[in-house]
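J.: One structure follows; several queries about it will come next.
Numbering (this note's numbering), first residue to last: 3 to 186.
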């Protein structure tokens, strides 16, 4: 899942996708903080922020949001390709040459004036330029899972994210409505 913030609303308005995000998402009116070291929970409601123009955000399934934004980019004129994986990038005075591998194993090379590294955790460019740095204080790991039957807040607060922190870490709980089997 993806836990969005109210500031995303302006971007979704500019892209013309807000109505679709509203349909796919679960309203998130704020954040609940919970700790075993404190007697009561803490709440932050977006309506109490300095900018009160957008009092809520959404919890969405990341794959659904990514697909919506990808499709919208194509409809706006961007050349969008699925089934391609960036393998190598070479830079020169005219821009960049990007070598990709298709799902069928064939390769292609394209020239581009602008390049955005959208390889996610693969970090193609950071690996190429050896700029990835591990923070010395963050020797950590992450796990995720989907659960059914977990307790939620009730009523309007049902879609709020819950952040639980403790001495050696934290986790968050992002309600997602009903998750279809085999979805991540």
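Even glycine gets a Cβ: it sits at the ideal position worked out from N, Cα and C.
Out of curiosity, what's the CA-to-CA distance linking residue 61 and residue 95?
T.: Taking the first residue of the chain shown as position 1, residue 61 is located at position 59. Taking the first residue of the chain shown as position 1, residue 95 is located at position 93. Roughly 43 Å between the two C-alpha positions.
J.: Considering just the uninterrupted stretch of the alpha helix (DSSP H) at residue 15, what are its terminal residues?
T.: Numbered from its first residue, the chain shown carries residue 15 at position 13. Note, residue 15: alpha helix (DSSP H), 10-17.
J.: Looking at the unbroken beta strand (DSSP E) that takes in residue 118, where does it start and where does it end?
T.: Counting from 1 along the chain shown, the entry for residue 118 is found at position 116. Per DSSP, residue 118 belongs to no beta strand (DSSP E) and is neither H nor E.
J.: Where do the ends of the alpha helix (DSSP H) carrying residue 75 lie?
T.: Numbered from its first residue, the chain shown carries residue 75 at position 73. It spans 64-77 - the alpha helix (DSSP H) in which residue 75 sits, taken as one unbroken run.
J.: As a quick exercise: from 11, 111, 71, pick the residue whose alpha carbon is nearest that of residue 101.
T.: Indexing the chain shown from 1 puts residue 101 at position 99. Of the candidates 11, 111, 71, the one whose C-alpha sits nearest the C-alpha of residue 101 is 111.
J.: Among 22, 33, 51, whose alpha-carbon lies nearest the alpha-carbon of residue 68?
T.: Translated into the one-based positions of the chain shown, residue 68 becomes position 66. Among 22, 33, 51, the Cα nearest to that of residue 68 belongs to 22.
J.: Between which two residues does the beta strand (DSSP E) carrying residue 34 extend?
T.: Position 32 of the chain shown holds residue 34. First-last of the beta strand (DSSP E) with residue 34: 32-36.
J.: Nearest to residue 170 by CA position, among 119, 141, 125, is which residue?
T.: Within the chain shown, residue 170 is the residue found at index 168, counting from 1. Of the candidates 119, 141, 125, the one whose C-alpha sits nearest the C-alpha of residue 170 is 141.
J.: Does the region 123-140 come close enough to the region 8-28 that 3 or more CB-CB pairs lie under 8 Å?
T.: Because the criterion of three Cβ pairs below 8 Å is not met, the region 8-28 and the region 123-140 do not touch.
J.: Measure how close the beta-carbons of residue 161 and residue 177 come, nearest whole angstrom, since I'm counting them as under 8 Å.
T.: Locating residue 161 in the chain shown gives position 159, where the first residue counts as 1. Locating residue 177 in the chain shown gives position 175, where the first residue counts as 1. Indeed they touch by this definition, with Cβ atoms about 6 Å apart.
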